[in-house]
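Sequences listed follow chains D and V, in order.
Add 461 to a position in the first sequence, counting from 1, and you land on the number used in the working numbering.
Add 19 to a position in the second sequence, counting from 1, and you land on the number used in the working numbering.
Just below is one structure, and these are the notes that go with it.
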Amino acid sequence: MPRIIACYKWVVDEAYIRTDSSPELDLEYADKKMSDYDRNAIEEAIQLYEKYGGSVAAITVGHPYDTKGVKDALSRGPEKAYFINDPSFENLEPAQTAAILADVITAKTEYDLIICGEGSSDLYAQQVGPRLAELLDIPCVTMVSKIDLAGEQLIAERKADDGIETVSLSLPALLTVLPDINSPRIPGLRDTLAASKKPVIEIVKDELSGNFAPCLQVLASFKANMERNGQKLSDEAADIAFLLDTLQSKGIIARGVK
Amino acid sequence: MAGIWVFAEDYEHNLELIQGGTELAQKLASKIVVILPHNAGNDEKAHDCIARGADEILYLPPLAEDEDFMACIPLIVAEVLQEKPDVFLIGSSLRGKELAARIAARLNTGLCSDCISLELSADDQSLIMERLIFGGAAVQRVSIPTRPQMATIPPRLFSPAAVQEGRTGNIRELPPAPPSKVKILGKKTRTHEAAALTEARILLCVGRGVEKEEDLTLVRELADLLGAEIGCTRPISDEMHWLPEECCIGLSGIQVKPELYIGIGVSGQIQHITGIRDARIICSINNDENAPIFAVSDYAIQGDLYKVLPLIIEGLKK
Ligand SMILES: Cc1cc2nc3c(=O)[nH]c(=O)nc-3n(C[C@H](O)[C@H](O)[C@H](O)COP(=O)(O)OP(=O)(O)OC[C@H]3O[C@@H](n4cnc5c(N)ncnc54)[C@H](O)[C@@H]3O)c2cc1C
C-alpha cells in the first residue's frame with residue numbers, strides 16, 4: 462500500500478497583479494493561494510489512496526506565516542503535513558526548494574511515491590519535481606495525465622511534444638502531474654474543520670543539514686505592461702460594421718470574399 | 020576555450036539554439052558543441068550543424084525502443100563534468116524541460132526556465148536572462164553564479180543559424196547509456212500543427228465561453244471567411260479536448276504574433292494573455308463587462324458571442 466507524499470507551494474495569487482502601466486511589482490496587498498496544479502497533485506494522491514490504501518502526507522517549504530496554506534492543504538485530504546519553514550524560505554529558487562525538500566524527505570519520511578504539480582503558478586519553472594527526483598535518486602516522470610499502480614510497479618501516461626507515452630517504473634518514484642489528470646474537489650466546511658485537528662510536523666532551519674545556497678540569482682522583478690487603450694464596442698450591428706470597416710481600412714481583413 | 024553547449028529535441032529548434040549560441044560564442048571566444056540524437060549511420064545533420072556554426076557534434080547513443088530518452092542524462096552529465104562548458108542551452112520542449120532540470124540538479128547548477136531574453140553582462144561576461152513569472156504578469160531578471168549557466172529556450176527566440184562556407188568540426192559519439200529506470204510500454208504519436216498557428220496572420224481563439232463542441236462550426240465558418248487559423252485556451256484543448264493540445268495559446272502552450280487576434284469567449288487570464296502580447300490587434304468578444312481580456316484589447320466587444328459571430332460573418336459576406 463503506497464505511502465504517498467504530495468508536494469505543494471503556497472503562492473501569491475497572480476490575479477492581484479494589475480496589468481497596468483506602472484512597472485513596479487507590488488505584492489504587498491496580494492493574497493496567497495494554493496498553487497493551481499498542486500491542487501491536482503494533492504487530489505491525485507488522495508484518489509490513489511482511495512483506490513489502493515496506504516497514506517498521504519503533504520509537504521511544503523515556506524515562510525512561518527504560511528500556516529493558512531498548511532490548513533488549506535490538509536483540508537484537501539492528506540492525514541498530516543510537513544511544514545518546513547523559516548523567514549528566509551520566502552523567495553527560494555527551484556534548486557533551493559528541491560534541496561530542502563530532499564533533505565527533509567530523506568531524514569524524516571518514508572515514502573513510495575512523491576507527487577508534484579507540473580509547475581507552480583508563480584514561477585512556473587517546472588524544476589522542483591525533476592530536481593527532487595535526481596537528488597533522491599529515484600525514477601522520475603513529468604507531465605503525467607494518468608496513474609495506475611500494480612504492486613511495486615507504476616504505469617503512467619506522460620505527455621510529450623510528439624505524443625503520449627505509456628511508461629512503467631518501479632516504486633519509489635516521483636511524478637509531476639498535469640491539470641487534466643483529475644478535477645480537484647473543493648474542500649467543504651467539514652474538511653476545513655477536520656484539517657485543524659490533523660498533525661502538522663514543523664521543521665525549522667536548524668534541523669536541516671546541507672547547503673541551500675541559490676544557484677539562480679534574481680537581479681530584478683518588474684511588471685510586464687500589456688494594457689492597451691481599448692475601444693469599447695457593443696454587440697449591435699452598427700458597432701460590428703464599424704469594427705469591420707476599421708480592420709479593412711487597416712488592410713487586415715478583406716470583405717465580400719465569398 | 021570554454022564551450023557553449025546546445026541541445027533541442029526538434030532539429031529546427033536546434034538550429035535556432037546554434038544561432039543563439041553563436042551570438043554568445045563570438046563575444047566569449049568559445050566553441051559551440053551540439054548534442055544530437057543518434058545518427059543511424061547518417062551524418063547529414065551533423066555536417067549541416069557544423070556548416071551552421073557547430074565546432075563539435077556529440078551523438079547520443081542509440082536507445083532501444085522501450086528505453087526512456089532520459090537514460091542519456093548520466094552520459095551528458097559525465098561529459099559536462101569533463102568538458103566544463105560555460106553555457107548549456109536546451110530547447111524547452113516538454114522532454115527538454117525535464118532533461119534540463121534533472122541535469123541541472125546533478126550538476127548542482129542554476130537553470131533559467133523558459134528564458135525570453137539573454138545577454139552578456141558588461142562586467143564579467145556572465146549571462147543576464149529574463150523569464151516570465153506570475154503567469155506572465157511580471158518579468159524576472161536572473162543570473163547564474165554556478166557553472167554551467169543553464170537555460171531552457173522556447174522555439175523562435177532566435178532565427179535558425181545560416182550555412183557558412185568552409186566550416187569544419189569534430190564528430191564524436193557518446194558511450195552506450197545505462198538501462199533507464201523508466202520503460203516505454205507504448206506510444207501514441209500525434210502530428211504537430213503548431214507551425215500554422217505561430218505563423219498565422221489572423222487567429223481566432225476559442226475559449227470556454229463557447230458552449231458546445233458543435234458550436235466550433237460557427238468559428239470555423241468565420242475562420243474560412245477570414246483565412247484565419249483557430250487556436251484555443253488551455254481548458255478547450257487540455258480539458259475539453261475539442262482541439263489538439265498544440266493549439267493551446269499561452270504560458271504552457273504557444274506564443275503567437277498575428278496581425279489580428281479575436282478572442283471568442285476568452286476571459287483573458289494572464290497565463291493566456293501572455294501568449295498574445297505580441298499580437299498587433301487584439302479584439303475580444305465577451306459578455307462579461309469585467310472580463311480581464313478587455314483591459315488588454317484594442318477592440319472590446321461586450322456581448323453574446325452567439326449574437327456577435329453571426330453579425331461578423333454576415334458583415335464579411337457583404
Ligand atoms: C501555470 C498555469 C499555466 C497556464 N497556462 C495556460 C495557457 O498556456 N493557456 C491558457 O489559455 N490558459 C492557461 N492557464 C489557464 C488560465 O489560467 C485560464 O484558466 C484559462 O485561460 C481560461 O480559459 P477561458 O478563457 O477559455 O475560460 P474561462 O476563464 O472560463 O472564460 C470563459 C469566458 O467566456 C465568457 N463567456 C461565457 N459565455 C459567453 C457568451 N455566450 N458570449 C461571450 N462570452 C461568453 C465568460 O464571461 C468568460 O469570461 C494556465 C494556468 C496556470 C495556473
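Where a beta carbon is used, it is the ideal one built from N, C-alpha and C, also for glycine.
On a predicted model such as this, the values are computed, not experimentally measured, just so you know.
Item, Value
"Residue interval of the alpha helix (DSSP H) (run including S536(D))", "528-536"
"Euclidean distance between Cα positions of P660(D) and K541(D)", "5 Å"
"Any chain D beta carbon closer than 9 Å to N309(V)", "no"
"Neighbourhood of I190(V) by C-beta, 6 Å cutoff - its chain only, sequence neighbours within 5 removed", "A65, I76"
"Chain V within 9 Å of F673(D), Cβ atoms only", "no"
"P277(V) CB to nearest heavy atom of ligand 1 below 8 Å", "no"
"Where N552(D) sits in the DSSP three-state scheme", "coil"
"Buried or exposed by the 16-neighbour rule on C-beta atoms within 10 Å, applied to P198(V)", "exposed"
"Span of the alpha helix (DSSP H), counted from its first residue to its last, around A124(V)", "113-126"
"9 Å Cβ cutoff, Y585(D) in contact with chain V", "yes"
"heavy atom of ligand 1 below 8 Å from V285(V) C-beta", "yes"
"Below-9 Å beta-carbon distance, G22(V) vs any chain D residue", "no"
"Length of the line joining the Cα atoms of S582(D) and D497(D)", "6 Å"
"Beta-carbon proximity list for L610(D), same chain, < 6 Å, skipping 5 on both sides", "Y513"
"Contact under 9 Å by Cβ, I701(D) with I221(V)", "no"
"Neighbourhood of D533(D) by C-beta, 6 Å cutoff - its chain only, sequence neighbours within 5 removed", "M495"
"Contacting positions in the segment 647-679 of chain D - beta carbon closer than 7 Å to chain V", "C676, L677, Q678, V679"
"Backbone CA spacing between R500(D) and P648(D) [nearest angstrom]", "11 Å"
"Residue-chain proximity (Q508(D), chain V), Cβ-Cβ < 9 Å", "no"
"Any chain V beta carbon closer than 9 Å to G523(D)", "no"
"Beta-carbon separation (whole angstroms), E98(V) vs L193(V), contact threshold 8 Å", "7 Å"
"Chain-ordered chain D contacts of V201(V) [CB-CB under 7 Å]", "P600, V602, V628, L630"
"Sheet register partners of Y543(D) (DSSP bridge)", "I520(D), I662(D)"
"Meets three-Cβ-pair contact criterion under 8 Å: the segment 154-167 of chain V and the segment 36-53 of chain V", "no"
"Contact set between C266(V) and chain D, taken where Cβ atoms lie within less than 8 Å", "Per Cβ cutoff of 8 Å: no residues; C266(V) is ~13 Å from chain D at best."
"Chain-ordered chain V contacts of M687(D) [CB-CB under 7 Å]", "I292, R296, V315"
"Within-9 Å CB hit, T208(V) to chain D", "yes"
"Through-space distance from A219(V) to G185(V), alpha-carbon basis", "36 Å"
"Minimum Cβ-Cβ distance from V99(V) to chain D less than 9 Å", "no"
"Contact with chain V by K719(D), beta-carbon distance below 9 Å", "The pLDDT assigned to K719(D) is 45, lower than 50, so where the model puts this residue is not dependable; a value taken from the coordinates is nonetheless given after this. So, interface residue."
"C-alpha gap between L705(D) and L335(V), whole angstroms", "8 Å"
"Per DSSP, cross-strand counterpart(s) of C224(V)", "G250(V), G282(V)"
"Outcome for A621(D) when other beta-carbon atoms lying within 10 angstroms are tallied against a minimum of 16", "buried"
"Any chain V beta carbon closer than 9 Å to R716(D)", "yes"
"is_contact[N501(D), chain V] using C-beta, thresh 9 Å", "no"
"Within 9 Å of chain V by C-beta, residues of the segment 528-561 of chain D in sequence order", "E554, P555, A556, A559, A560"
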